[in-house]
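Line by line, the protein sequences are chains A and B.
To convert, count from 1 in the first sequence and add 267; that's my numbering.
So in my numbering, spot 88 of the second sequence is number 79, and the numbers just go up one at a time.
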Amino acid sequence: MKLRLLAAALAAAGAFAAPAQAQTEIQWWHSMGGALGDRVNGLAEKFNASQKEYKVVATYKGQYPVSMTAAIAAFRAGNPPHILQVFEVGTATMMAAKGAIVPVATVMKNAKEPFDPKAYLPTVSGYYTDLKGNMLSLPFNSSTALFYINKDAFKKAGLEPVAPKTWKEVVATAEKLKAAGIDCPYTTAWPSWVHIENFSAWHNVPIGTKQNGMGGVDTKFTIDSPLHVRHVAMLGDMAKKGLFVYAGRTNQGDAKFSSGECAMFTGSASAQAGIKKAGKIDWSPHFLPYHDDVKGAPQNSIIGGASLWVMAAKGRKPDEYKGVAKFLSFLSQPEIQMEWHTGTGYVPITLAAYELTRKSGYYDKEPGAALTVQQLTNKAPTANSKGLRFGNFVQGREVIEEEMEAVFAGTKDAKTAMADAVRRGNDILRKFQAANK
Amino acid sequence: MDKRVVFRSAWLPYALLAPQIAITIVFFFWPAAQAVWFAFQLQDAFGLHTQFVGLQNFAALFADEHYLGSFRTTAVFSIAVAFSGIAISLLLASMADRVLRGALAYKTLLIWPYAVAPAVAGVLWGFMFAPSIGIVTYVLKGFGIDWNWIIQGDQAMLLVVMASVWKQISYNFLFFLAGLQSIPRSLIEAAAIDGASPLRRFWTVVFPLLSPTTFFLLVVNIVYAFFDTFGVIDATTQGGPAQATQILVYKVYYDGVKAADLGSSSAQSVILMFIVITLTVIQFRYVERKVQY
């Protein structure tokens, strides 16, 4: 009896072990739920069907902060995934974790995979590249902030459905909309990302010293500049007059716009899918508004989204990294990128993919998709508009949002709030610097 | 003479206690000790560099006016939750105690919310009071009240207090009802014969006799407000707007789990541990003296 059980167990073990020997498994942890998750699984399946040596196993690990925490815990336990999708605010934390990650450039080089960093969209890859030009993580899903108007609401208020181009015009339009009985003339999603991070790049002013932190961890925030204060004060004033209705720190603003409640909206380019799906309003996407008295504005906007990091672990074999490299190459192919871009609304990460999509005539049908790329590449990026890299920026962004909320609620003036944001933000940066000496 | 049961065997009592002690050590003492250890360290998210920094984590916390503000928020929140939770459930229990017909249905309905998970309670209340789409928001708008807890700190606080109290009422209600039912009828009847009004009977006879229950519930409710309301807050305000609802335990979670700042998070949990120990000692030392068993 015992012998038979043992034999059965051995047979079972053999059955499981056999395919594992033939194929190397690549664990990929991501944060793409719902329809996006299906797309991610589709990518893994396609890669697995394209060759026999490696098998990519895509696993949804919860939202960005959750999957990052899970991966950190897994690393501490000695068993991290091979590939981890990390949101842009986690970039500095990942980058500083030498020993926990392997730069993508190194992975590709070691595996002898053809890899040309110049093939990638500079505003996208710049965010994830160090000063020496080594790409650290592979951009995966990137979007940027756009401005949207509800044409129905404009018409209802007796206005031409033409989007205001400058913030001055936005305020004037909001006043007219309000006077016409629209309760929510303007709202926004992601207040810090839109009104501080993208705002700074769009106006070519720094968010922090040392090239927005890309030049070193001894960076300091500079978001208490007169332009920043003026912009936040303007938003506070709009909130007081009921021209701007605050929706929350993440994408809560999306629903306020897609439901038709708010007439104007700034949010992620990826909000378009949701607005289309809701199908309640006649709308159009536009470039972000800017202050026309600022020299050089508009510059270019910056990305938001996530990139793929290759994680290291003790005892990880070269073959596993080779599989990772093959998969990253697969993801960078123009056809795959075009499929991802058109299917999800995220920007294509390579110039070839953009060209391919353009030639296919997709942008004539979907002007919103082209707009994202155009805004990101509006001008050649400067030190202020390449991206940002602040340590512990999960906390840093929260500090900025808290201070902005205080202005929107009318409990603090913009000047004090932005000064406080800089002071508190710098404390966080110093702590990160000390922890990553 | 006290009655004592004595084990004949020397090791048996220890063996019987061992599972419980093992669980306590593994799940309570060990993590607590780790928190104390981490509180004196500065570590990056991945644990690649660790430095001993002494009291630096604590010093940074006490220099941060927002952390100090979080104490005030926690105090306001806990007092509001504990007092309104106890008061409302005492009222409901006194009413339930008088109900003759349909008492079972009435009690069952009041106990139901206890089965709801805190996060679900948070989502539920969040929906009802959601700015612009919530049903209550709609009604309030009819009265000319601008309800938007996304930006109004006071309203956000009110919302999390309501959701937390609602969740805890059932528990308090059960204990008060049991307490009320154990009060001898003869005492109340005697007071009634002496001409005491129902209100007077409640305050001079019933309430003092309920004091052990009330005391117990006070301790439990304060601990509940400090720790278990986390789910409610995470599902609704997440500490915002502008930290209006950031109670201490939520900040511990945020800094530790979301921001991967283990040193500060551990230091905060050590502080929290001390607060709860102090509060419990005060409650047992001073408040308990006034309790008549």
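All C-beta atoms, glycine included, are put in the ideal place defined by N, C-alpha and C.
It should be emphasised that the depicted structure is a prediction, and the values quoted were computed from it without experimental measurement.
{"Query": "Three-state class that DSSP yields for residue 204 of chain B in the structure shown", "Result": "helix"}
{"Query": "Close beta carbons around residue 408 of chain A, own chain, < 6 angstroms, minus the five adjacent residues each side", "Result": "572, 573 and 613"}
{"Query": "Closer than 7 angstroms to chain A by CB, residue 104 of chain B", "Result": "no"}
{"Query": "DSSP beta-bridge partners of residue 495 of chain A", "Result": "Answer is none; residue 495 of chain A lacks a bridge partner."}
{"Query": "Secondary structure of residue 393 of chain A, DSSP reduced to three states", "Result": "helix"}
{"Query": "For residue 487 of chain A, the three-state DSSP class (helix, strand or coil)", "Result": "coil"}
{"Query": "Pair within 7 angstroms by beta-carbon distance, residue 510 of chain A and residue 441 of chain A", "Result": "yes"}
{"Query": "For residue 259 of chain B, the nearest candidate out of B/192, B/11 and B/243 (CA to CA)", "Result": "B/243"}
{"Query": "For residue 552 of chain A, the residue or residues it bridges with in DSSP", "Result": "A/415"}
{"Query": "Selected residue, minimal CA-CA separation from residue 560 of chain A, among A/471, A/382 and A/396", "Result": "A/471"}
{"Query": "Nearest-angstrom Cα separation, counted from residue 688 of chain A out to residue 664 of chain A", "Result": "9 angstroms"}
{"Query": "Own chain partners of residue -3 of chain B with C-beta closer than 8 angstroms, once the 5 adjacent residues on each side are dropped", "Result": "none"}
{"Query": "Closer than 9 angstroms at the beta carbon, the chain B residues around residue 326 of chain A", "Result": "Here the premise fails: no neighbours, minimum Cβ distance about 19 angstroms."}
{"Query": "Pick from A/639, A/619, A/674 and A/643 that is closest to residue 383 of chain A, judged by C-alpha positions", "Result": "A/619"}
{"Query": "Endpoints, beta strand (DSSP E) assigned at residue 325 of chain A", "Result": "321 to 327"}
{"Query": "Whole-angstrom C-beta distance between residue 525 of chain A and residue 412 of chain A, which should lie under 8 angstroms", "Result": "Their Cβ separation, rounded to whole angstroms, is 16 angstroms, which puts residue 412 of chain A and residue 525 of chain A out of contact at 8 angstroms."}
{"Query": "Residue from B/119, B/142 and B/141 whose Cα sits closest to the Cα of residue 131 of chain B", "Result": "B/119"}
{"Query": "Those runs of the alpha helix (DSSP H) which lie wholly inside the stretch 519 to 603 of chain A and span at least 4 residues", "Result": "519 to 525, 538 to 545 and 585 to 599"}
{"Query": "Exposure label - residue 691 of chain A; buried when at least 16 CB within 10 Å", "Result": "buried"}
{"Query": "Contact between the stretch 130 to 146 of chain B and the stretch 674 to 682 of chain A (3+ Cβ pairs under 8 angstroms)", "Result": "yes"}
{"Query": "Contact list for residue 224 of chain B against chain A, beta-carbon separation under 8 angstroms", "Result": "Here the premise fails: no neighbours, minimum Cβ distance about 14 angstroms."}
{"Query": "Contact residues within the stretch 286 to 312 of chain A, judged by C-beta distance below 8 angstroms to chain B", "Result": "none"}
{"Query": "Status (buried if at least 16 other CB within 10 Å, exposed otherwise) for residue 250 of chain B", "Result": "buried"}
{"Query": "Rounded straight-line distance, which links the Cα of residue 40 of chain B to that of residue 369 of chain A", "Result": "17 angstroms"}
{"Query": "Extent of the continuous beta strand (DSSP E) run through residue 453 of chain A", "Result": "451 to 455"}
{"Query": "Start-to-end residues for the beta strand (DSSP E) that takes in residue 293 of chain A", "Result": "291 to 297"}
{"Query": "is_contact[residue 260 of chain B, chain A] using C-beta, thresh 7 angstroms", "Result": "no"}
{"Query": "Sequence-distant residues of its chain with Cβ nearer than 8 angstroms to residue 23 of chain B (five each side left out)", "Result": "264"}
{"Query": "CB contact check: residue 241 of chain A to chain B, cutoff 7 angstroms", "Result": "No statement about residue 241 of chain A is possible, as the shown extent of chain A runs from 268 to 704 and does not include it."}
{"Query": "Cross-chain neighbours of residue 39 of chain B in chain A, by beta carbon under 8 angstroms", "Result": "364, 365, 366 and 367"}
{"Query": "Beta strand (DSSP E) segment containing residue 350 of chain A, residue limits", "Result": "350 to 354"}
{"Query": "Residue 232 of chain B (DSSP reduced to helix, strand or coil)", "Result": "coil"}
{"Query": "Residue from B/25, B/14, B/73 and B/16 with nearest C-alpha to residue 214 of chain B", "Result": "B/73"}
{"Query": "Straight-line Cα distance separating residue 639 of chain A from residue 630 of chain A", "Result": "11 angstroms"}
{"Query": "Nearest candidate by alpha-carbon position, reference residue 293 of chain B, set B/54, B/239, B/209 and B/81", "Result": "Residue 293 of chain B falls outside the range modelled here, since chain B spans only -8 to 284, and no answer is possible."}
{"Query": "Identified DSSP bridge partners for residue 41 of chain B", "Result": "B/34"}
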